[in-house]
Ligand SMILES: [Zn+2]
């Protein structure tokens, strides 16, 4: 598993962070609190999983789950604003082989069947695909083809 802060291709995107700042400031204004002192260094981690074809992570502070994307390493809960995390974002932990997981799940036509949670392996996903008659070509790292 890696956090995307460790990924060499990931860059903090100031534009998206400005949006996050505005959303968090709005949430806090609803309860009469000033905008938080933004510090984008993460405090803690959340683990990403796939639910109905979407990468999501559960908020550890409330009952919400947020959509996550592999190119953005921040977790901000729009329900609670990470208020109980001292206003700090959390790092989203994606599996190192997230592309392989996506490729395998995308072979399933119905997004309701595109689900993955750690520690499930790609081999297990492929086995499930085969058990349910999902056919396709799956490229694994190194250029080998799995059918
Ligand atoms: Zn929350």
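Numbering (the working numbering), first residue to last: 103 to 249.
Each residue gets a CB set at the ideal place from its N, CA and C atoms; glycine is no exception.
The structure displayed is predicted, hence computed values, not measured ones.
Of the choices 132, 144 and 133, whose alpha-carbon is the least far from that of residue 189? 144
Between the CA atoms of residue 146 and residue 122 - distance to the nearest angstrom: 18 angstroms
Three-state secondary structure (DSSP) of residue 202: helix
Three-state secondary structure (DSSP) of residue 184: coil
Which residues have their C-beta within less than 5 angstroms of a heavy atom of ligand 1, listed in chain order? 161, 163, 164, 166, 179, 181 and 182
Pick out whichever of 180, 207 and 233 has its Cα sitting closest to the Cα of residue 131. 180
Below 8 angstroms between beta carbons: does that hold for residue 170 and residue 194? yes
Measuring straight from C-alpha to C-alpha, what distance separates residue 185 and residue 214? 32 angstroms
Buried versus exposed, by CB contacts within 10 Å (16 or more), residue 231: buried
Top-ranked residue by Cα proximity to residue 209, from 157, 222, 234 and 150: 234
Distance check for residue 133 and residue 205, CA to CA, integer angstroms please. 42 angstroms
Could you check what DSSP says for residue 222 in three-state terms: helix, strand or coil? coil
Three-state secondary structure (DSSP) of residue 128: helix
Please state whether DSSP places residue 74 in a helix, a strand or coil. Residue 74 is absent from the model: the chain starts at 103 and stops at 249.
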